[in-house]
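With the UniProt record's numbering, the residue at position 93 of the sequence shown is 93, and numbering never jumps.
Here is the structure we will look at, set down as structure tokens.
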Amino acid sequence: MCVGPCKPACHLEIIKSAEEYEYTKEGDIIIGGVLTVSMFQPEDYFTGLTCIYPSAPNYKYLVDFLYVIDAHNKNPHILPNATLGYRIYDSCGDPRKAIKHLLQILSGSREPVPNYSCTGVGQTAGVIGDLISETTIPIAQILTVFGYTQISYGATDPVLSNRINFPYFFRPTGNDYSYYLVISKIAKYFHWDWVGIITFDDDRGESDHQLLKQYLSSENICIEFTLKITNIMHRDMIARKTLKKSTTDVVILCGAVNLQIALHFDFLSDMLSEKTFIFTSNWLHYNHILAFSHRLFHCSLLLMQNKEQYPKNSPYGPFSKQFHPSRYPNDKLLENIWMHYHSCLSKNRQKNEAFEKALNRRLHNCSGQESLSTIDMFNNGFHTLNMVLAVDMLVTAVHYVYNSLGNGISWGNRKMFNYRNKVHHYLKNMFIRYGPDQVLSLNEHGEFVSIYLIMNLYRKSAEQTDWKIFGTYTPWKPEHLKLEIAQELIQWKNKDNQVHHYLKNMFIRYGPDQVLSLNEHGEFVSIYLIMNLYRKSAEQTDWKIFGTYTPWKPEHLKLEIAQELIQWKNKDNQ
1 MCVGPCKPAC HLEIIKSAEE YEYTKEGDII IGGVLTVSMF QPEDYFTGLT
51 CIYPSAPNYK YLVDFLYVID AHNKNPHILP NATLGYRIYD SCGDPRKAIK
101 HLLQILSGSR EPVPNYSCTG VGQTAGVIGD LISETTIPIA QILTVFGYTQ
151 ISYGATDPVL SNRINFPYFF RPTGNDYSYY LVISKIAKYF HWDWVGIITF
201 DDDRGESDHQ LLKQYLSSEN ICIEFTLKIT NIMHRDMIAR KTLKKSTTDV
251 VILCGAVNLQ IALHFDFLSD MLSEKTFIFT SNWLHYNHIL AFSHRLFHCS
301 LLLMQNKEQY PKNSPYGPFS KQFHPSRYPN DKLLENIWMH YHSCLSKNRQ
351 KNEAFEKALN RRLHNCSGQE SLSTIDMFNN GFHTLNMVLA VDMLVTAVHY
401 VYNSLGNGIS WGNRKMFNYR NKVHHYLKNM FIRYGPDQVL SLNEHGEFVS
451 IYLIMNLYRK SAEQTDWKIF GTYTPWKPEH LKLEIAQELI QWKNKDNQVH
501 HYLKNMFIRY GPDQVLSLNE HGEFVSIYLI MNLYRKSAEQ TDWKIFGTYT
551 PWKPEHLKLE IAQELIQWKN KDNQ
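Have a look at this one:
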């Protein structure tokens, strides 16, 4: 019994964010979105939710989301007599914010209320998100309980491929296992007998490391070193010593990528500048932090799927140009991007001071002519169509559910229909046309099977990095045709590296009907000639070929000898 004001034994409060990044549009059917555009500040983990490093490339995925919704709302055949709405939030790559925003989407209120919906109009059909696995997995765990369909636009953790634990989860890209398989095939193609591995020192890093080792071992590729990046400085110093002693030219990056590993990786950059890297599209999410213009990434290899390829006359261009702080003054995320990339002052003096301190540069009054299209990272060519595919998949599935209800259900009741536990059934058998001659379909793990592009990064100018596609891996082709590489397009880090790679795959025509190639020991395999020396005159010795040994012939045909051509020293020998 309390005397005076009573205080509960356990008082829980939701941690408040310094700023909320929320995008809403009312509609008859709601598509939820939890996106990673900014990054959270690790130092503030227990005191608040502070978002930093707003990313123009990641903001483009938000533009993609809005673009697809807008296009479908203009198409009267998708959802007749109904409109699509959305509730989109920036998780900042923080699992706590991701869960908070997911509950806001499901409850339809600004304050997250578990297992309660106060939406008057608009049924939530599913959720898009997130970009990274750290936030996507807790979202999937909650949505699985409620039966809502989820489509990620970038998470690659293999855990999400488990259809028993995550039957409502889908993604338009492969998981990390498939990427490591392709990497092992590339290493085998270039005869990289020894490689190094860099990963983060956590459970995910360890499991991915073991899997990558397994794939490399199957191709007879050895691992010279494995660096496990940590938050402990003396461990990083040990890593520097390991790198200094290493002789391999090739380093594979594996495991989950996050803000901490990106920053620690930057600490080792001077020791890695002469290495050739192979990395997956996960690292693209941190392009704005790692700055791929850094010489560290030049002449390295990047794997990605579903690369963006809008034609020049696409309506996407005009649509994206409308996003400007003058048109959307309440869009704090857009304001942050203008401050970060254009060094523009905001109307908030305290915020200006914080940004100037974080960016270590002065902000100024901008002219108003600035735009997203003038930000190099917004148009750097590393963008994927994953968000476009994800939203299109979900809306198409809703379209099938909506039209399957039959003429007996009125348009009004269709709008109020509960789409939970329904949408994912239509996704399982979905096909999407991707380009003029490719149709994507989902595999048994709920992942679209598409071509892997193998790209080479190189320096275009002092401030700009460019890329070119020099190879592809096509999963559905016969084994000997899956990997296609045009070596002449690759720019290596140094001449020795380039000569080394070309020599290993060299063929030489030797005579009218013989082609020589290098074996696994770097040696040309050719015919052995067996010759007989004899005296031609008192002062001169001659020779004649009387036999051959051909290594690649069947065993009983390898040795061929014409005894009648031999001159022996004496009759007995003969």
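Where a beta carbon is used, it is the ideal one built from N, C-alpha and C, also for glycine.
- Looking at the DSSP output, M455 sits in a beta bridge with L302, I469.
- Taken in chain order, the whole beta strand (DSSP E) runs of length 3 or more contained in the segment 196-230 are 222-229.
- Relative to V515, the option among I545, W543, W552, E484 whose CA is nearest is W552.
- Contact between the segment 56-64 and the segment 29-40 is present, with at least three C-beta pairs closer than 8 Å.
- The segment 305-313 and the segment 162-176 touch, with no fewer than 3 CB-CB distances between them shorter than 8 Å.
- Segment contact: the segment 349-362 against the segment 387-399, fewer than three CB-CB distances shorter than 8 Å; contact not assigned.
- Here T247 is exposed. Its C-beta has fewer than 16 other C-beta atoms within 10 Å.
- Per DSSP, S320 lies in no beta strand (DSSP E) segment; the continuous alpha helix (DSSP H) that holds it begins and ends at 316-321.
- Excluding sequence positions up to five before and after I78, its CB lies within less than 7 Å of the CB of H72, V395, H399, all in the same chain and listed in chain order.
- Beyond the five residues adjoining it in sequence on each side, L440 comes within less than 6 Å, by CB distance, of I432, Y434, F448, S450 in the same chain, given in chain order.
- One thing to note: I278 has its Cβ within 8 Å of the Cβ of I252.
- With a cut-off of 8 Å on Cβ pairs, the segment 473-493 is not in contact with the segment 341-355, counting fewer than three such pairs.
- In the displayed model, F355 falls within a helix according to three-state DSSP.
- Note that the C-beta distance between F65 and V391 is below 8 Å.
- Sixteen is the threshold: when 16 or more other Cβ atoms of the shown chains lie within 10 Å of the Cβ of T156, as they do, the residue is buried.
- Residue state for L405 is assigned as coil, using DSSP reduced to three classes.
- Membership of F524 in any beta strand (DSSP E) is not indicated, and neither H nor E is assigned to it by DSSP.
- With a cutoff of 8 Å on beta-carbon distance, S184 and T135 are scored as not near each other.
- Assignment of S373 by DSSP, reduced to helix, strand and coil, places it in the helix class.
- Around Y23, the same chain offers I88 as residues with beta carbons nearer than 6 Å, after the five sequence neighbours per side are excluded.
- DSSP places Y310 outside any alpha helix (DSSP H), giving it a letter other than H or E.
- The segment 189-209 makes no contact with the segment 313-333: fewer than 3 CB pairs, one atom from each, lie closer than 8 Å.
- Setting aside the 5 residues that flank it on each side, L243 is surrounded in the same chain by M271, each with a C-beta closer than 6 Å to its C-beta; the list follows chain order.
- When the five nearest sequence neighbours on each side are left out, no beta carbon in the same chain lies closer than 6 Å to the beta carbon of H425.
- When the five nearest sequence neighbours on each side are left out, the beta carbons in the same chain lying within less than 8 Å of the beta carbon of T276 are those of D249, V250, V251, C299, S300, L301, W492, K493, N497, in order along the chain.
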